[in-house]
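Participant: Let me begin by handing over the structure; questions about it come next.
Chains as they are written, first to last, in the working numbering: chain A, 195 to 522; chain B, 144 to 583.
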């Protein structure tokens, strides 16, 4: 799979490698906190949107409730961190608890089909947010602030932002390659066949329910990991910042803009959409926002509209057509 | 010799006095000249950048916009009065960050303002959750963070070295409730001995109740009942019945809009007559509450940070508000005034810091500015707020900040300031009449 010729022919793998290269080099070239933040957010959404894509793109289970997994990951990290657990374990523990939650809700949810499934995921996400908002152990509406530790690699607490970026890249590389291997392996093909036709899949002796469950658990795991990264970076979470519907929408929006049927689509989406959102807010919202409140959101919306009109199959689709036309 | 001849006609005393006058005038004149013309500030820069973070988009955008206006208005005033004099008349430039009401966005904006825009300090960020992340970033990047508008007691309990809050927090407000009841007791001796607490059970209500229990007990009041309820509950009959049985002199209430309306209606329905009802703002000061309950809300006391009738009482406030209204078309409210004041407080600290360091050496200047804030000592009457002034304790809390107590008056259906006495426009009506004695 990793022979040079194969990589050249495999656009997905090429984009993965180029993206990682970009994330590694750019912080050294342009060490600007704002730019670093945009890259960090991009890496965060790369993980969560790729995870979403396992369900939304490859299995055909459209979810608008991924904020639930994201939030559980964030809360797990925050609480374990405050109880003295190393965040290097906490990040993966966040994924594990989120995937456990995914497993539990998969029993009722996977009995629903199509848009009913999508609606149910919204309900799960919002219900969990309200539950956390009233749960005293996790700080309820007051949220959780990460305890102040010494600045160190062990506690993932740095003065310089750039280190956070490299922590994110490390987690990203691990997550993306695990997901890549799974999707390119047997399970990936099963999932796609379920997406195309559940009945046909059953005729070849596969249990669609089982594989859809696997897709949900995997998706939940890596979304939880992304949530944990969020918590370690911003060091304060509350239900409305990590479990809001906005997070769910952002995760699937990035995947859709990037292209849902390709593995690398969400990577491309995150690389384009996140910096646009950040820069429109800072440059327009900050400088002119005092006079035209909300102008940056309007511009952001127009950019998304243009993307959806001219690249309905996602950026990946445009790229693939471009490359095929050129190097047939 | 000729000269002496001329002087011969003048007495020696006159000569001496004239000489002294000339010397004194020359010395004073010279000194003033030196101060005004020859005085060179140690450091001279053209502008000093200050960051401000407010929720300018999202659900809190209206409040964020008003808060920003308050700060911008203060900056304009400072600049038109000659800027920061110790830095050679440098203007303050506000660099704006939009938090969108989201804690992580607020953190990113704080990092941008500090490291990309190179501001000397950050002001913000309204919602307590946003202020938490902003102050955390400021701590990490060693930049002073000045907050004028968040009241969560948590904020100053985190051991931060770079965080300062000018407004009073919810804890201090609860303490002042006890002071107010003691004040009523001096006017009407022995009238208040027992209190009861009715609070909604979320974070805010519970924290308020905890603080009340502490400060009321300290002040010598007996807590005869303490009942929590779920905000938005459809009925409070059993709660009010229990309160009626406990028969407290004063009822302390923390509830949101619908709760406040329900409490007043249920009190009348069940004929529960404490001598006073004292509320912790929230639902009780919401315009929708005032409209809904009408006469049922008369005589109720509430804590406030600001009230319309303060314009008459607080020195300078009416003048500031008139100019603000001329420019922006709205009256200042509690949040706007507190942001306006935060900028002025920072200005006084900047004047001090400018004597010791230059903003061109950003790292040193931020540290010096932090020390200036720590040592700041502003007395009463300097700022247009009903406080005793500004002085920060070691946690960064302004210990001279205050809230006020307002009472809904039956003659015009408006809240009037009744405490502290120096800002009161009316005397408190106490005890409140029984429901059966009221006309409506």
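Beta carbons are placed, not taken as given, at the ideal position from N, Cα and C, and that holds for glycine.
Name the two residues that bound the continuous alpha helix (DSSP H) containing residue 457 of chain A.
Facilitator: Locating residue 457 of chain A in the first chain gives position 263, where the first residue counts as 1. Residue 457 of chain A -> no alpha helix (DSSP H), and no H or E assigned at all.
Participant: Quick one: does residue 339 of chain A have its CB under 8 Å from some CB of chain B?
Facilitator: Indexing the first chain from 1 puts residue 339 of chain A at position 145. So yes, residue 339 of chain A belongs to the interface.
Participant: Mind checking which residues open and close the alpha helix (DSSP H) that includes residue 519 of chain B?
Facilitator: Here the question's residue 519 of chain B lines up with position 376 in the second chain. Counting along the chain, residue 519 of chain B falls outside any alpha helix (DSSP H), and DSSP gives it neither H nor E.
Participant: I'd like to check one pair, residue 256 of chain A with residue 301 of chain A: are the Cβ atoms closer than 8 Å?
Facilitator: In the first chain, the residue the question calls residue 301 of chain A occupies position 107. In the first chain, the residue the question calls residue 256 of chain A occupies position 62. Result no, Cβ atoms of residue 301 of chain A and residue 256 of chain A do not sit closer than 8 Å.
Participant: Can you tell me which of B:276, B:232, B:231, B:314 puts its alpha carbon nearest to the alpha carbon of residue 544 of chain B?
Facilitator: Stepping through the second chain from its first residue, residue 544 of chain B is reached at position 401. Of B:276, B:232, B:231, B:314, the residue nearest in Cα terms is B:314.
Participant: Residue 227 of chain A touches chain B at which residues, Cβ-Cβ below 8 Å?
Facilitator: In the first chain, residue 227 of chain A corresponds to position 33, counting from 1. Within 8 Å Cβ-Cβ: 254, 255, 257, 258, 259.
Participant: How big is the Cα-Cα spacing for residue 453 of chain A and residue 319 of chain A?
Facilitator: Here residue 453 of chain A refers to the residue found at position 259 of the first chain. Here residue 319 of chain A refers to the residue found at position 125 of the first chain. Rounded to whole angstroms, residue 453 of chain A to residue 319 of chain A spans 24 Å at the Cα level.
Participant: Roughly how far, in whole angstroms, is the beta-carbon of residue 445 of chain B from the beta-carbon of residue 422 of chain B, given that I think they are within contact range, below 8 Å?
Facilitator: Mapped onto the second chain, residue 445 of chain B falls at position 302. Mapped onto the second chain, residue 422 of chain B falls at position 279. Between residue 422 of chain B and residue 445 of chain B the Cβ distance is about 4 Å, and since that is below 8 Å, they are a contact.
Participant: Given that a residue counts as buried once 16 or more other Cβ atoms are within 10 Å of its Cβ, and exposed if not, what is residue 287 of chain B?
Facilitator: Within the second chain, residue 287 of chain B is the residue found at index 144, counting from 1. Flag for residue 287 of chain B reads buried.
Participant: For residue 304 of chain B, which of helix, strand or coil comes out of DSSP?
Facilitator: On the second chain, residue 304 of chain B is found 161 positions in, with the first residue counted as 1. Three-state result, residue 304 of chain B: coil.
Participant: Touch check for the segment 209-221 of chain B and the segment 477-489 of chain B: three-plus C-beta pairs under 8 Å?
Facilitator: A contact exists between the segment 209-221 of chain B and the segment 477-489 of chain B.
Participant: Do the CB positions of residue 161 of chain A and residue 438 of chain A come within less than 8 Å of each other?
Facilitator: Absent from the structure is residue 161 of chain A, since the part of chain A shown begins at 195 and ends at 522.
Participant: Does DSSP put residue 254 of chain B in a helix, in a strand, or in coil?
Facilitator: Along the second chain, one-based indexing puts residue 254 of chain B at 111. Helix, per DSSP.
Participant: Would you say residue 250 of chain B reaches chain A, if we count a Cβ-Cβ gap shorter than 8 Å as a contact?
Facilitator: Here residue 250 of chain B is taken as the residue at index 107 of the second chain, counted from 1. Closer than 8 Å: yes.
Participant: Given that residue 237 of chain A touches chain B, what residues does it touch there, using C-beta distances under 7 Å?
Facilitator: Here residue 237 of chain A corresponds to residue number 43 of the first chain, with the count starting at 1. Per Cβ cutoff of 7 Å: no residues; residue 237 of chain A is ~14 Å from chain B at best.
Participant: What does residue 245 of chain B reach in chain A if we use C-beta pairs closer than 7 Å?
Facilitator: Residue 245 of chain B sits at position 102 when you count from the first residue of the second chain. The contacting residues are 435.
Participant: Does the CB of residue 492 of chain A have a neighbour CB from chain B at under 8 Å?
Facilitator: Residue numbering aside, residue 492 of chain A sits at position 298 when the first chain is read from its first letter. Not closer than 8 Å to any Cβ of chain B, the Cβ of residue 492 of chain A fails to qualify, so no.
Participant: State yes or no: is the C-beta of residue 460 of chain B within less than 8 Å of the C-beta of residue 467 of chain B?
Facilitator: On the second chain, position 317 is the one that residue 460 of chain B refers to. On the second chain, position 324 is the one that residue 467 of chain B refers to. Contact flag unset, no.
Participant: Figure out for me which residue from A:386, A:363, A:390 has the closest Cα to the Cα of residue 234 of chain A.
Facilitator: As a first step, residue 234 of chain A is located in the first chain; it is residue number 40 there, counting from the start. When each option's Cα is compared against that of residue 234 of chain A, the closest is A:363.
Participant: Is residue 283 of chain B close to chain A? Criterion is C-beta to C-beta, closer than 8 Å.
Facilitator: In the second chain, residue 283 of chain B corresponds to position 140, counting from 1. It does; some Cβ of chain A falls within 8 Å.
Participant: Confirm, please, whether the CB-CB distance from residue 353 of chain A to residue 225 of chain A is below 8 Å.
Facilitator: The count along the first chain starts at 1 and reaches residue 225 of chain A at position 31. The count along the first chain starts at 1 and reaches residue 353 of chain A at position 159. It is not a contact, given that the beta carbons lie outside the stated cut-off.
Participant: Only counting the same chain, and skipping five residues up and downstream in sequence, which positions put a Cβ closer than 6 Å to that of residue 531 of chain B?
Facilitator: Position 388 of the second chain, counting from 1, holds the residue named residue 531 of chain B. So the qualifying residues of the chain are 523, 543.
Participant: Count the other CB atoms, across all protein chains shown, that sit within 10 Å of the CB of residue 240 of chain A; report buried if there are 16 or more and exposed otherwise.
Facilitator: To locate residue 240 of chain A, count along the first chain from 1; it is residue 46. It is buried - the Cβ of residue 240 of chain A has at least 16 other Cβ atoms within 10 Å.
Participant: Thinking just about the alpha-carbon of each residue, which of B:391, B:394, B:321 is nearest to the one in residue 360 of chain B?
Facilitator: Numbered from its first residue, the second chain carries residue 360 of chain B at position 217. When each option's Cα is compared against that of residue 360 of chain B, the closest is B:321.
Participant: Measuring only between beta-carbons, confirm whether residue 424 of chain B sits less than 8 Å from chain A.
Facilitator: Taking the first residue of the second chain as 1, we reach residue 424 of chain B at position 281. For residue 424 of chain B, the answer is no, since every Cβ of chain A falls outside 8 Å of its Cβ.
Participant: Use the C-beta contact count for residue 537 of chain B: other C-beta atoms within 10 angstroms, 16 or more gives buried, fewer gives exposed.
Facilitator: As a working mapping, residue 537 of chain B is identified with position 394 in the second chain. Counting Cβ neighbours within 10 Å, residue 537 of chain B comes out exposed, since fewer than 16 surround it.
Participant: If we count Cβ pairs, one from each stretch, closer than 8 Å, do we get three or more for the segment 427-436 of chain A versus the segment 240-256 of chain B?
Facilitator: They touch, by the three-pair rule.
Participant: According to the neighbour-count rule (16 or more other Cβ atoms, all chains shown, within 10 Å of its Cβ), is residue 319 of chain B buried or exposed?
Facilitator: For the purposes of this step, residue 319 of chain B is identified with residue 176 of the second chain, where counting begins at 1. Per the 10 Å Cβ criterion, buried.
Participant: Taking 8 Å as the CB-CB limit, is residue 430 of chain A close to chain B?
Facilitator: Working through the first chain from its first residue, we reach residue 430 of chain A at position 236. At least one chain B Cβ lies under 8 Å of residue 430 of chain A.
Participant: Using a 10 Å radius around the Cβ and a threshold of 16 neighbouring Cβ atoms, would you call residue 210 of chain A buried or exposed?
Facilitator: For this step, residue 210 of chain A is matched to residue 16 along the first chain. The residue is buried, with at least 16 neighbouring Cβ atoms inside 10 Å.
Participant: Which chain B residues are close to residue 355 of chain A, counting only those with a beta carbon under 7 Å from its beta carbon?
Facilitator: As a working note, residue 355 of chain A is residue 161 in the first chain. Within 7 Å Cβ-Cβ: 254.
Participant: State yes or no: is the C-beta of residue 295 of chain A within less than 8 Å of the C-beta of residue 263 of chain A?
Facilitator: Position 101 of the first chain, counted from the start, is the residue given in the question as residue 295 of chain A. Position 69 of the first chain, counted from the start, is the residue given in the question as residue 263 of chain A. Yes; because the gap between Cβ atoms is below 8 Å, this pair is in contact.
Participant: Determine the burial state of residue 442 of chain A: buried for a count of at least 16 other Cβ atoms within 10 Å of its Cβ, exposed for fewer.
Facilitator: Counting from 1 along the first chain, the entry for residue 442 of chain A is found at position 248. With 16 or more Cβ atoms within 10 Å of its Cβ, residue 442 of chain A is classed as buried.
Participant: Quick check: what's the CA-CA separation for residue 475 of chain A versus residue 540 of chain B?
Facilitator: As a working mapping, residue 475 of chain A is identified with position 281 in the first chain. As a working mapping, residue 540 of chain B is identified with position 397 in the second chain. Distance between the alpha carbons of residue 475 of chain A and residue 540 of chain B is about 32 Å.
Participant: How is residue 522 of chain A classed by DSSP in three states: helix, strand or coil?
Facilitator: Indexing the first chain from 1 puts residue 522 of chain A at position 328. The pLDDT assigned to residue 522 of chain A is 48, lower than 50, so where the model puts this residue is not dependable, and the model offers no usable value.
Participant: How would you write the range of the alpha helix (DSSP H) that residue 383 of chain A sits in, first residue to last?
Facilitator: As a first step, residue 383 of chain A is located in the first chain; it is residue number 189 there, counting from the start. Element bounds for residue 383 of chain A: 380-390.
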